[in-house]
Each structure stands twice: as C-alpha cells, then as structure tokens.
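Notes follow once the structure below has been shown.
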Amino acid sequence: MPIKPAPDFSWLKPDPHGIFVEPCNAWIDPSKPVETALVTHGHADHARGGHGAVFATRETLAIMNLRYGGAGREVTVPMREPVELGCGVTATYFPAGHVLGSAQILLEHAGERVVVTGDYKRRPDPTCEPFEVVPCDIFITEATFGLPVFKHPPIAGEMRKLLDAREQRPEGCVAVGAYALGKAQRVICELRRAGYHDPIYLHGALEKMCGLYEELGVPLGELRSATGIRKDELKGEIVLCPPSALNDRWSRRLPDPVTAMASGWMRVRQRARQRNVELPLVISDHCDWDELTQTIREVDPAETWVTHGREEALLRWCQLNQRRARALAMVGYEDEDD
Amino acid sequence: MRAFATLVDRLTYTRSRNAKLDLIADYLRTTPDPDRGWALAALTGALDFPAVKSSTIRNLLTERVDPVLYTLSRDYVGDTAETASLLWPAPEGEAPTDEPSLSEVVDLLRAMTRGSVMTELPKLLDRLDADGRYALLKFATGAMRIGVSARLARVAFAQSFDVPVDEVEEYWHGVEPPYPTLFAWAADGAEPPRTDLVPLFRPFMLAHPLDETVVTMDDYAAEWKWDGIRVQLVHVNGETRVYSRSGDDISATFPEMAEALDFPAVLDGELLVRGAHQGGPKNEKTQGGAASFNALQQRLGRKTVSKKMLKEAPAFIRLYDVLLRDGEDLRELGWAQRREHLELLMDRLDPERFDLSRLIEAGSFEDLAAIREGARDDAIEGVMLKRRDSPYIAGRKVGLWYKWKRDPLLIDCVLMYAQRGSGKRSSFYSDFTFGCWDGDPDKGAELLPVGKAYFGFTDDELKWLDRHVRQNTINRFGPVRETDKSLVLEVAFDSVHESKRHKSGLAMRFPRINRIRQDKPAHEADRIESLKALVRD
Chain A
1 MPIKPAPDFS
11 WLKPDPHGIF
21 VEPCNAWIDP
31 SKPVETALVT
41 HGHADHARGG
51 HGAVFATRET
61 LAIMNLRYGG
71 AGREVTVPMR
81 EPVELGCGVT
91 ATYFPAGHVL
101 GSAQILLEHA
111 GERVVVTGDY
121 KRRPDPTCEP
131 FEVVPCDIFI
141 TEATFGLPVF
151 KHPPIAGEMR
161 KLLDAREQRP
171 EGCVAVGAYA
181 LGKAQRVICE
191 LRRAGYHDPI
201 YLHGALEKMC
211 GLYEELGVPL
221 GELRSATGIR
231 KDELKGEIVL
241 CPPSALNDRW
251 SRRLPDPVTA
261 MASGWMRVRQ
271 RARQRNVELP
281 LVISDHCDWD
291 ELTQTIREVD
301 PAETWVTHGR
311 EEALLRWCQL
321 NQRRARALAM
331 VGYEDEDD
Chain B
1001 MRAFATLVDR
1011 LTYTRSRNAK
1021 LDLIADYLRT
1031 TPDPDRGWAL
1041 AALTGALDFP
1051 AVKSSTIRNL
1061 LTERVDPVLY
1071 TLSRDYVGDT
1081 AETASLLWPA
1091 PEGEAPTDEP
1101 SLSEVVDLLR
1111 AMTRGSVMTE
1121 LPKLLDRLDA
1131 DGRYALLKFA
1141 TGAMRIGVSA
1151 RLARVAFAQS
1161 FDVPVDEVEE
1171 YWHGVEPPYP
1181 TLFAWAADGA
1191 EPPRTDLVPL
1201 FRPFMLAHPL
1211 DETVVTMDDY
1221 AAEWKWDGIR
1231 VQLVHVNGET
1241 RVYSRSGDDI
1251 SATFPEMAEA
1261 LDFPAVLDGE
1271 LLVRGAHQGG
1281 PKNEKTQGGA
1291 ASFNALQQRL
1301 GRKTVSKKML
1311 KEAPAFIRLY
1321 DVLLRDGEDL
1331 RELGWAQRRE
1341 HLELLMDRLD
1351 PERFDLSRLI
1361 EAGSFEDLAA
1371 IREGARDDAI
1381 EGVMLKRRDS
1391 PYIAGRKVGL
1401 WYKWKRDPLL
1411 IDCVLMYAQR
1421 GSGKRSSFYS
1431 DFTFGCWDGD
1441 PDKGAELLPV
1451 GKAYFGFTDD
1461 ELKWLDRHVR
1471 QNTINRFGPV
1481 RETDKSLVLE
1491 VAFDSVHESK
1501 RHKSGLAMRF
1511 PRINRIRQDK
1521 PAHEADRIES
1531 LKALVRD
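Note that the protein sequences, when read in sequence, are chains A and B.
Residue 1 is where the first sequence starts when you use our numbering, and the numbers rise one by one after that.
Residue 1001 is where the second sequence starts when you use our numbering, and the numbers rise one by one after that.
Shown next as structure tokens:
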C-alpha cells in the first residue's frame, strides 16, 4: 500500500495543553483555562473548569455543571449538526461511545477534515450512543490501551464473576471500585441486563452522578446510599465506590468485603496486585488493542496522531502497516482509573 | 490444568496468609493424584524443566509477534510468562476443548528437549486459554512468584490433611515429586515415608530471646553463641549431607564437611571457617579459632567451591548437639545426657573438622551476665542458655533454650520492599524496607514494616541484594519493588521507640543492615513483640 501524501494542516496546532484550532482561537479539551473550549466528554482530565465558553453536548454540559457549577458561556452542540466556529472552521460532534454524552469532534477547514476522538470505545454500552466511524484526513486518537496485551473480554463473563463472588459470600459483600463517571453507571446497567435487580449500594461520591444519569434518561434500577447504614445491612450486597475508596478508611464500614475493581488495567495481574484487588473485572471504556487498530483501518486516515497512552506501540503498528503517524505528547490526560 | 490455573490465579490476588493456606489446602484435598503432587512440587519450587527457559518463551513469542511490540509489552507487564500468556495468538475458532491435565503437562514438558521445545511448547499453549497459559509458563519455568513460599506450601499440606507440620518437614527431604507416599500417609493413613534410607533433615530446635527472664545456672547450661551458620550434618547409608537452617542441602558448598562424617549420626552445630576473629586464635580459654562471619559468607551460596577456597577458608563445625547416633534416636534424652553422648563422640571425629562448643563456667546468673559483658569480642553474638533436662524438640518451645544476644540491638527482619537509591547507587535497589511478624507466622501472622535502612552492607552485598530484589519482585509501585518476602536481614539498631506514624507502632533509630541471613527462613524472623520488648522509652 502506498503511503498517502502528507497533509498540510498548519491551522491545527497540537500543544501539550490541548489541540489548538488557530483560525477560530479555540482549544479542544484544554488542560488550562482558555477563552473557547471544545470539550469531548465530561471526564475531569478532558473537561476542566474556568473556560470562557464551552462547546459540548447537552449531557457533557450537564456533567460539567454538576462537577464545577455553571461557568462561562455554554453552547450546546447536538450530535451530527455542524457548528460554525468562525474564520471558516466548522465543528461537528459524533458519538464516541465512551461515556454518556461523549463525542468525537470533526473539524473542517479549507476542505480538510480532522477527527479528534477524545476517548472512545467500540463495545456496546447501554449508557451511551455507540461510536461512529467518521472518515477524515487526520485521525487524532487516544492509545490508553495501546499494547497488544490488552484484549478486553466480553462483559457478560465479567458480570458473571461479580455475581458469583456475591453469591459465594452471603456474610460479606463485594466492593466494586469503578470510576464515578461512566464506569459505575455502565456496571450498574450491565448488572441489570444480567438479571440482577436487587438494590445496589453507592459510595457518596457516586450518588449525584448516578442521579444525573437517570435525569438524562439512563435508568439504573434501585440504588441506595451506603452512607449511614448498619454494617449488617450490607451483607450479601454489591457496593460501588470510587477506586480510591477501596483501600481507604471508608471501606472499614463494609462487612468482610471482596475487593473488586472494574478497569481495563485488570487484564495485567501485576496492575491488579498493585491495587490490592482480589477480584479483577476487566471492563474498560476505552478500545482494546484490536479495536484501536481496527478503528484506524476503518477510518483509514492519511495520518494518525496519537494523543496519550501507550503511543509508542501504536506508532509501531502504524509503521508496520505503512501508515503515517505521530505522537503528540499531550500532558494531563490520565488513564489510571479506567 | 484448569484447577491448577484457577489456584494460581486466586493465589495471585489473595493477600491474607490464612486465605492462601485455605486455597492450597482445598486444592490438595480435592485434586486427584498425581496432579496435586505436581502442583505441590511447583509451589515448593521443586520442579525444573531444563528445556523451557525464559529465553525460550521470548523466542517463541518473537517468532509470532513483532519484536518491538513484544519488548514494549514485556516492559509494561514486567513478567515474561504473563506477557506471553496475553500475547499468544489464540488458534482460530472456539475456546480450547482438549485441555491437558497437569500430569499430562508434566509428561509433555519432561519429554521436551532443546530441539523439540520450539515445536512442542506451542502445541501445548494452543490447548489453553490465557489463564491456563500463564499457569503453564510459570509452572514450566519453575518460577511461580505468587507470594507462596515453600514453607507456606508445606504448612498448607499439613493443614489440608491435619497432620503435624514438623512431621511433614521431616519426611519432605526423603520424597520426590509427585510425592505418592507423602500423600498416601497424610491423606489415607498409610505408613509414613521411610526415613531410614536417606540422610534426612530434622527440623532444628530453636531458642527464644531471653529478654527479662532470669534463670538459675543449676537448671541451665551456657554456651557462647558463635557467629556462623547453624547446620545439621547427617550421615545415613554411606551418604552425608549438610543442611542449612532452612533445610536446604548445602553439601556441595561445603564438600569437606560432607566427607568428614563416616558413621550414622545427626549432628547439630555452628559451621565456621578457620581463623582468629572470634575469640582469638584457637586456645584453651575462649576456644577461639573461628574467622568472622564475613569470611564464612565468601563461601556461602556457591554451587561449587575451588581448591584455593578450601585451602584458604577451610570449614569446621563447632558441635552443639547430637540427635541420632549409630541408629539410636537421642532426641528424647535430656540435654545433659545428649551432651555426654556428644563428648564421647569427639574421639571418633576429625579435630580438623569438628570441635565441641565449650560450656561457659558460671556459678550464677550474675556471673554469667558479667562474663557476657566482659566478652569484648565483637564477633561473638552472645550466649545460649539450654535447660539441662530439655529433650531436643523441633521449633521454638518456651523455657527450654534461650539466646542472650549482646549489644547492639539486633533483630531479624524480612525484606519487604526495596527502592532504588540515588547518585552512584541510582541503578541499585539500595533502600530496604523490612518487617517483623505480628504474631505466629505459621498461624496466619502478617509482616508489618518496622523500618527502613540504606547502609550497613558492603558493596558486594549491595550487588547481591540488588540482584535478589530484581529476581524476587512480586509487585512494582513506581520506583518501589515489593519482594517475595523470603530474605531475612539481620538489622542492627541503637534503640527503638513507640511511634504512631507506623502501622507497627514502632520506629527504630539508626537501623542498618547488619547481615544478610541467607541461611534463615523468613518464618523464623522475629516478631513485633520481640521488637516491642526492646522499647526503653
């Protein structure tokens, strides 16, 4: 396969603090306060407070409001509807399948097309719209799980493990560490799909976000607060909390808990051991290796830029497959808790 | 293989020692022979398949996966077997159906040669899923590293069948994987494995720290506590073996000792090398004649020993006790009677290779204290007190033997974590965090960190420690590695104080690594209570 000619794209400036769209003075997912921010999704490393104006989906704006309170000018961007940013730049948001409201942003300028994925996944997720392949010249992708050792198993098997652990422990409980935005709600929805309709108990840090999901039309079934109830009442139950709470004093209130964690990192034993996890659940809101490479093949861009993650390996794959690629060395994007 | 893979998987994620014991015990109870025997061999590190090396696995992988992607993956995962288990390209189609049993795996691995391994091992890997591949590769390379020591596995065996762990230890060295006679004895009540045909290790009798106890010299005899390594010399059926504290066969390291006993006996003593460091040159008054521990250490850990070394640092044993002699078991006798037997034996032993540990003549405990204080010799560790009527009992029984170490304060800790140093030590793991047991390690106690030290060792010891850390890492936390907690470090320190900042509630002043105790098994390291007893706030 011949390598396509290198595109020009001087109007787009990758910067350690975000991707700068020069003609309209706008930034995508900036890690510092700016005048105009285009935000792909509500995770704290992509959506920060303090911007002048924020362009995002309805759901992402609602999530940002919940986390930071209203700030600056909010522009709701509906999916698949182009928005003029001025000076000949158009932005169109497409579903990214990462968390509720998550979007990829297609930027068009002078006949050139760039897609910025933010974070994305290809697996079905009952809490958000699935990823869409958007043809483009430059595909700016993440590579959180960009190593061939990462292969996320089907989620049904992971749910089975979780439900089995609960059944084996009528006198204890299962404490599941899950990222507060997205992962927690996805785990709840998948538990419901697996036929589990008992109340699910929540750490205080998850309650507001779950409430917002329900307001935005994602039913989660019966949820109860794990705060302020007797230890005995949690026997035989599933309790969700942020990963940081698993090894924290908070977990002392739980009756003989099995420590579970829902994360793509759980695929690697030593990573699970580092977190003192006893029941690793390999559940990720990012693409695994096969999905990353499949997506690059499907999008088939002239050039692939890699924002963050294990970019070295993905660049190597691009090289082996005669695809032009570069790493952007972005700062501030975290991957610890997926 | 499925049950074994599940066991390995669950052990990997289980932190509590009791839970690990339960998992292993359950497995041993419910798994048929000979699979469970092979599993026990794997957990105790008794297996070796020479055709399968870490480099074999790497070569297999790089034939199938881009070498750069393999290296990036290996660096990230930090373990060759795990990387391979995850990267192995699964054969087309459904999940594997003809999964092999553990004993079939053993047969196939044994049949592999350096020539055939590159074609045979892949066939085996294709019949397993990722967890199975991981367990297989760990098993095949003989490096399980799942936080289970050989001792823990033997304790689990004893727990599984409700037999005394000391008996398991005693039979252990006379049986071979997959241990049919051991299982028949423990599980089905058959006769125990024969112990009279091979030179078996008998578990040592050990001493408690004296602490505040005062004893009368009418009931107790005193000896110097020599600073070498405790060994057991066993001769049966024309064969002699030298065993270390942990029951490892170190005959090859000390061939002169393995040649020095030619009648059936089991002797207990301190292995030393000739010199004048401890108690001066050989003499009537202080006995003397032994080099420093450091001199002995040059000879430890070698699989072969040069003629030069045998000449320059010849070993001998300073005898403490006799357990068996000419087929007669003396262990039930009181110490004083055994001592008489031991004294009578000396005529039959080569004085170049053996001497008798001298008794300290002290009329009273106060006299003994004065003699101990007066021993200005840095090298002598202290004194031992042995109850005159005490039988030889495996393990550490209260009131029979005491060790009364001299200053500085010393405690045996287990290495838990290591961190790279900075400056000229930047490539070395040179900051060591060590811990003591919070109770009886055989009854589920855990290690709690008690301190951190980054000096006290020589450059050579630092190199050795660095290698130990790299080869025995079970976890990484950024710059810190967690080790498999198998290494005992003798830590010297000036004082110890209560501290709320540490989980153990204790903080040491000026702790330093006094000595690397390769000879001492981790479960015999000191307990928190021993350290607490030294608090003088």
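Think of the CB as a built atom: it goes at the ideal place given N, C-alpha and C, for glycine as much as any other residue.
Rounded distance between the beta-carbons of residue j and residue i, thought under 8 Å
{"i": "residue 1399 of chain B", "j": "residue 1387 of chain B", "result": "7 Å"}
{"i": "residue 1532 of chain B", "j": "residue 1506 of chain B", "result": "6 Å"}
{"i": "residue 143 of chain A", "j": "residue 306 of chain A", "result": "5 Å"}
{"i": "residue 175 of chain A", "j": "residue 251 of chain A", "result": "6 Å"}
{"i": "residue 99 of chain A", "j": "residue 43 of chain A", "result": "7 Å"}
{"i": "residue 302 of chain A", "j": "residue 324 of chain A", "result": "7 Å"}
Start and end residues, beta strand (DSSP E) containing residue i
{"i": "residue 1088 of chain B", "result": "No beta strand (DSSP E) contains residue 1088 of chain B, which DSSP labels as neither H nor E."}
{"i": "residue 18 of chain A", "result": "18-21"}
{"i": "residue 142 of chain A", "result": "138-143"}
{"i": "residue 1412 of chain B", "result": "1409-1420"}
{"i": "residue 1303 of chain B", "result": "Note, residue 1303 of chain B: premise wrong, no beta strand (DSSP E); not H, not E."}
{"i": "residue 1483 of chain B", "result": "1480-1483"}
{"i": "residue 1325 of chain B", "result": "1315-1325"}
Separation of residue j from residue i, as counted between CA atoms
{"i": "residue 165 of chain A", "j": "residue 262 of chain A", "result": "14 Å"}
{"i": "residue 1031 of chain B", "j": "residue 1369 of chain B", "result": "56 Å"}
{"i": "residue 290 of chain A", "j": "residue 1086 of chain B", "result": "13 Å"}
{"i": "residue 148 of chain A", "j": "residue 1121 of chain B", "result": "21 Å"}
{"i": "residue 256 of chain A", "j": "residue 169 of chain A", "result": "9 Å"}
{"i": "residue 18 of chain A", "j": "residue 33 of chain A", "result": "11 Å"}
{"i": "residue 109 of chain A", "j": "residue 13 of chain A", "result": "13 Å"}
{"i": "residue 1318 of chain B", "j": "residue 1393 of chain B", "result": "20 Å"}
{"i": "residue 1378 of chain B", "j": "residue 1514 of chain B", "result": "Only weak support is given to the placement of residue 1378 of chain B: the predicted model assigns it a pLDDT of 45, under 50, and the value that follows is read from those uncertain coordinates. Going from the Cα of residue 1378 of chain B to the Cα of residue 1514 of chain B covers about 13 Å."}
{"i": "residue 1406 of chain B", "j": "residue 178 of chain A", "result": "54 Å"}
{"i": "residue 1047 of chain B", "j": "residue 101 of chain A", "result": "54 Å"}
{"i": "residue 1013 of chain B", "j": "residue 274 of chain A", "result": "10 Å"}
{"i": "residue 1089 of chain B", "j": "residue 25 of chain A", "result": "47 Å"}
{"i": "residue 83 of chain A", "j": "residue 90 of chain A", "result": "6 Å"}
{"i": "residue 288 of chain A", "j": "residue 1306 of chain B", "result": "55 Å"}
{"i": "residue 208 of chain A", "j": "residue 29 of chain A", "result": "23 Å"}
{"i": "residue 222 of chain A", "j": "residue 238 of chain A", "result": "12 Å"}
{"i": "residue 163 of chain A", "j": "residue 194 of chain A", "result": "9 Å"}
Range of the contiguous alpha helix (DSSP H) that encloses residue i
{"i": "residue 13 of chain A", "result": "Where residue 13 of chain A is concerned, there is no enclosing alpha helix (DSSP H), although the beta strand (DSSP E) it sits in stretches over 12-15."}
{"i": "residue 1528 of chain B", "result": "1528-1532"}
{"i": "residue 1106 of chain B", "result": "1102-1111"}
{"i": "residue 65 of chain A", "result": "58-68"}
{"i": "residue 204 of chain A", "result": "204-215"}
{"i": "residue 1181 of chain B", "result": "1180-1188"}
{"i": "residue 1343 of chain B", "result": "1335-1345"}
{"i": "residue 1471 of chain B", "result": "1459-1471"}
{"i": "residue 1384 of chain B", "result": "Not the alpha helix (DSSP H): residue 1384 of chain B falls in the beta strand (DSSP E), residues 1382-1387."}
{"i": "residue 76 of chain A", "result": "No alpha helix (DSSP H) holds residue 76 of chain A; the beta strand (DSSP E) holding it covers 73-76."}
{"i": "residue 1124 of chain B", "result": "1117-1126"}
{"i": "residue 1063 of chain B", "result": "1054-1064"}
{"i": "residue 1019 of chain B", "result": "1017-1030"}
{"i": "residue 1038 of chain B", "result": "1035-1043"}
Alpha helix (DSSP H) runs wholly inside the region 245-321 of chain A, at least 4 long, in chain order: Within the region 245-321 of chain A, the complete alpha helix (DSSP H) runs of at least 4 residues fall at 269-274, 289-299, 311-320.
May I ask you to verify whether the region 199-214 of chain A touches the region 274-287 of chain A, counting CB pairs closer than 8 Å and requiring at least 3? The answer is no - the region 274-287 of chain A does not touch the region 199-214 of chain A, with fewer than three Cβ pairs under 8 Å.
Going residue by residue through the region 1142-1168 of chain B, where are the continuous alpha helix (DSSP H) segments of at least 4 residues, counting only ones entirely within it? Runs of the alpha helix (DSSP H) inside the region 1142-1168 of chain B: 1150-1161.
Taking 8 Å as the threshold, find out whether the region 1295-1309 of chain B comes into contact with the region 1243-1258 of chain B through three or more Cβ pairs. A contact exists between the region 1295-1309 of chain B and the region 1243-1258 of chain B.
So does the region 1466-1485 of chain B actually touch the region 1256-1269 of chain B, counting three or more Cβ pairs closer than 8 Å? Not touching, per the Cβ criterion.
Three or more beta-carbon pairs under 8 Å between the region 1136-1147 of chain B and the region 1075-1089 of chain B, yes or no? Three or more Cβ pairs drawn from the region 1136-1147 of chain B and the region 1075-1089 of chain B lie within less than 8 Å of each other, which places the two stretches in contact.
Within 8 Å, do at least three Cβ pairs link the region 1206-1219 of chain B to the region 1489-1505 of chain B? Three or more Cβ pairs closer than 8 Å define a contact, and the region 1489-1505 of chain B falls short of that threshold against the region 1206-1219 of chain B.
Which runs of the beta strand (DSSP E) spanning at least 3 residues fall entirely within the region 144-190 of chain A, listed in chain order? Listed in chain order, the beta strand (DSSP E) elements of length 3 or more contained wholly in the region 144-190 of chain A are 173-177.
Are the region 1009-1023 of chain B and the region 1109-1126 of chain B in contact at 8 Å, needing three or more beta carbon pairs? Result no; under three Cβ-Cβ pairs closer than 8 Å.
Do three or more CB pairs link the region 1333-1350 of chain B to the region 1185-1201 of chain B at distances below 8 Å? The region 1333-1350 of chain B vs the region 1185-1201 of chain B: no contact.
Report yes or no: do three or more beta-carbon pairs, one from the region 309-326 of chain A and one from the region 1068-1077 of chain B, lie closer than 8 Å? The region 309-326 of chain A, when compared against the region 1068-1077 of chain B, does touch it at the 8 Å Cβ threshold.
What are the uninterrupted segments assigned as beta strand (DSSP E) that are 3 or more residues long and contained completely in the region 1230-1258 of chain B, given in chain order? With a minimum length of 3 residues, the unbroken runs of beta strand (DSSP E) contained wholly in the region 1230-1258 of chain B fall at 1239-1243.
Quick test of the definition: if touching needs 3 or more C-beta pairs under 8 Å, does the region 1233-1241 of chain B touch the region 1428-1435 of chain B? The region 1233-1241 of chain B makes no contact with the region 1428-1435 of chain B, as fewer than three CB pairs between them are under 8 Å.
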